[in-house]
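Below is one structure, written out as structure tokens, with a few remarks after it.
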Amino acid sequence: MQNEIVLVITLILIYSGIVIFYRFLGKTGLYMWTVIATIAANIEVLILVNAFGMEQTLGNVLFASTFLVTDILSELEDRQSANRAVHFGIIASISFILISQSWFLYIPNSSDWAMPYLHAIFSNTPRLMLVGIAVYAIAQLFDVWLYHLIWNKTSKIFGNSKKGLWIRNNCSTLLSQLLNTALFTFGAFAGVYDFSTLLNILVSSYVIFIATSLLDTPAIYIARKLKTK
């Protein structure tokens, strides 16, 4: 049960952290979190674990948190701010690829012990990061677009732009996460794992994304409450 406990605690801490970042740092805090999450998630995704009876890569919670960020920005700021967060994530990923790969241009000292481990980890980073950048951009921009499309619909249905938050938040995120999961799984791991493992990763990742998407709803309501105050 250790993996399950760690995942649940991580989810709570990350979503709480995002709300705290927004409360005290505003949009800047969410932009900061986007940069942190996009870099860390693309490293963390290299780790394969078993949790909740499923085989899955790590990074799911961090990736899910970036959708919460764009939804908060869409809801409480504006569409331009949400798209700007996506742009920051893309820039951060590209910068990290260039920096991490530049390390391997050096010839390590005979006493160095770190380079073999760094090479083992980051030699796969370019493919993962390049796929991650493309998928991240597609899925996140789609999420922002869909969020505002659904928002227009809910405003007309309820006659109030404030109502229907849980509908636009969950619908946009769940559909965007499905697109994100399918594109990333096959783009990043085709040829690395067999087809059966790829399907397991896709299904388990999306199941986790469903849970993380539904559980981020209280966070966006709390963020809106704090913004109103």
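Here the sequence shown stands for residues 1394 to 1622, numbered as in my numbering.
Just so you know, even glycine gets a beta-carbon here, dropped at the ideal spot from N, CA and C.
Check                                                                                                                     : Outcome
Per-residue burial, T1621 [other beta carbons within 10 Å of its own, 16 or more giving buried]                           : exposed
Proximity of M1425 and F1417 at Cβ, strictly below 8 angstroms                                                            : no
Cβ separation of N1553 and S1606, assumed to be a contact under 8 angstroms, to the nearest whole Å                       : Going by Cβ atoms, the distance from N1553 to S1606 rounds to 24 angstroms, so no, they are not a contact pair.
Sheet register partners of T1450 (DSSP bridge)                                                                            : L1441
Nearest-angstrom beta carbon gap, Y1599 and T1574 [assumed within contact, 8 angstroms]                                   : 5 angstroms
Length at least 4, wholly inside the segment 1452–1505: the alpha helix (DSSP H) runs in chain order                      : 1453–1469, 1472–1495
Residues bridged to A1583 (per DSSP)                                                                                      : Y1586
Three or more C-beta pairs below 8 angstroms linking the segment 1464–1473 and the segment 1540–1550                      : yes
Continuous alpha helix (DSSP H) stretch holding M1508: start and end                                                      : 1508–1515
At least 3 beta-carbon pairs within less than 8 angstroms: the segment 1480–1494 vs the segment 1430–1440                 : yes
Assigned exposure category for T1463 - 16 Cβ within 10 Å defines buried                                                   : buried
Local Cβ density within 10 Å of K1618, reported as buried at 16 or more and exposed below that                            : exposed
Best match in V1454, L1423, W1538 for proximity to I1402 [C-alpha to C-alpha]                                             : V1454
Any non-hydrogen atom of the ligand ADP within 7 angstroms of V1454 CB                                                    : The ligand ADP is not among the ligands present in this structure, which contains no ligands whatsoever.
In chain order, each beta strand (DSSP E) run of at least 3 residues that lies wholly inside the segment 1529–1558        : none
Local Cβ density within 10 Å of F1460, reported as buried at 16 or more and exposed below that                            : buried
Of the residues H1480, L1400, V1537, the one placed nearest V1442, counting alpha carbons only                            : L1400
Close-in-space but distant-in-sequence residues of the same chain around Y1614 (CB under 6 angstroms, 5 per side omitted) : none
Residue closest to H1512, alpha-carbon to alpha-carbon, out of L1523, V1528, S1458, S1495                                 : S1495
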